[in-house]
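S.K.: Have a look at this one before I ask anything.
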Amino acid sequence: MPFYNDLLFKYFISDNDDKESMYLLKTIIESVTPLRCQALYVMNSELIPSRYKEKKAILNVRVQTDEGEFVNIEVQSTGMFESLHKRFQYYVFKNIATQVHSGDDYRKIKPVYMIILFNDEDRKHHELVRIRSDCDEKYHDSDGSLYHIYYVFLKEIDHIIKEKGKENMINLWKT
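Quick look at the structure:
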């Protein structure tokens, strides 16, 4: 499946009643993030292909785990990394802000995880997965961070295959 095509990606993993779709979604989330999912629910499973070219179709996949964490999965085929990073941060913060309203108990806010399947290579660090979150300056940990962004650079897979060979792809996500 071409993971860089957002319409196909959403089509294949947005059916809450399809066991294979949920398995694929769970595998992506658990391979990239530290989350372990007992149950998942795609919150925006509607797919309106007639509005695809109008940019009115919502093609990201928004998931809630049984623990209440929110995971957004975006597919990005092209673009400048730094400007896209600002856009994705905006999406994450918007998802955090919509969880509570003025006067609510802010302790109820759940972290938001975003996975971006980016059809490009990591030109700066040459990593398959790059993680961004709010880190404590002294201890360099992200405990308590409300946002975690995971960039998966799909074209780095080709570099890994050349370097390690197809037969060694089992531990791909741990590289």
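Quick note: the sequence shown, position 86, residue 119 per the numbering used here, numbers continuous.
All C-beta atoms, glycine included, are put in the ideal place defined by N, C-alpha and C.
(1) Report all residues from its chain with a CB closer than 6 Å to the CB of residue 164; omit the five preceding and five following residues, and keep chain order.
(2) Out of 94, 148, 72 and 153, point me to the one whose CA is closest to residue 181's CA.
(3) Whole angstroms is fine: what's the gap from residue 48's alpha carbon to residue 67's?
(4) Hey, out of 122, 120 and 190, whose CA is closest to residue 154's CA?
(5) Name, in chain order, the residues that DSSP records as bridge partners for residue 166.
(6) Do you know offhand how far residue 116's Cα is from residue 140's?
(7) Put residue 73 into one of helix, strand or coil per three-state DSSP.
(8) Checking 7 Å against the spacing of the C-beta atoms, do residue 75 and residue 96 come in under that value?
(9) Identify the continuous beta strand (DSSP E) that holds residue 98 and give its terminal residues.
(10) Short of 7 Å in beta carbon distance, which residues of its chain neighbour residue 128, apart from the five on each side in sequence? Order them along the chain.
(11) I'd like the list of long-range same chain contacts for residue 88, defined as Cβ closer than 7 Å, with 5 residues on each side in sequence excluded.
(12) Just checking residue 136 against the ligand FAD - is the residue's beta carbon closer than 6 Å to any of the ligand's heavy atoms?
(13) Decide if residue 133 is buried, meaning its Cβ has at least 16 other Cβ atoms within 10 Å, or exposed.
(14) Please name the residue or residues paired with residue 146 in a DSSP beta bridge.
M.R.: Taking the coordinates as given:
(1) As a first step, residue 164 is located in the sequence shown; it is residue number 131 there, counting from the start. Contacts found: 183.
(2) For the purposes of this step, residue 181 is identified with residue 148 of the sequence shown, where counting begins at 1. Looking at the Cα atoms, 148 is the closest of the given residues.
(3) Your numbering for residue 48 matches position 15 in the sequence shown. Your numbering for residue 67 matches position 34 in the sequence shown. Cα to Cα, the separation comes out at about 23 Å.
(4) Within the sequence shown, numbered from 1, the residue matching residue 154 stands at position 121. The candidate whose alpha carbon is nearest that of residue 154 is 190.
(5) For the purposes of this step, residue 166 is taken as the residue at position 133 of the sequence shown. DSSP output for residue 166 lists 181 as bridge partner(s).
(6) Walking along the sequence shown from the start, residue 116 turns up at place 83. Walking along the sequence shown from the start, residue 140 turns up at place 107. Between residue 116 and residue 140, the C-alpha separation is close to 31 Å.
(7) Stepping through the sequence shown from its first residue, residue 73 is reached at position 40. DSSP places residue 73 in strand when its eight states are reduced to three.
(8) By 1-based counting over the sequence shown, the position of residue 75 is 42. By 1-based counting over the sequence shown, the position of residue 96 is 63. Taking 7 Å as the Cβ cut-off, residue 75 and residue 96 qualify as a contacting pair.
(9) Within the sequence shown, numbered from 1, the residue matching residue 98 stands at position 65. Note, residue 98: beta strand (DSSP E), 94-98.
(10) One-based indexing of the sequence shown puts residue 128 at position 95. Here the set comprises 103, 105 and 145.
(11) Here residue 88 refers to the residue found at position 55 of the sequence shown. Note on residue 88: pLDDT 49, under 50, position unreliable in the model; the coordinate value appears next. Same-chain partners within the cutoff: there are none.
(12) For the ligand FAD, the structure offers nothing, since it holds no ligand at all.
(13) Along the sequence shown, one-based indexing puts residue 133 at 100. Exposed, by the Cβ-count rule.
(14) Position 113 of the sequence shown, counted from the first residue, corresponds to residue 146. Per DSSP, 104 and 181.
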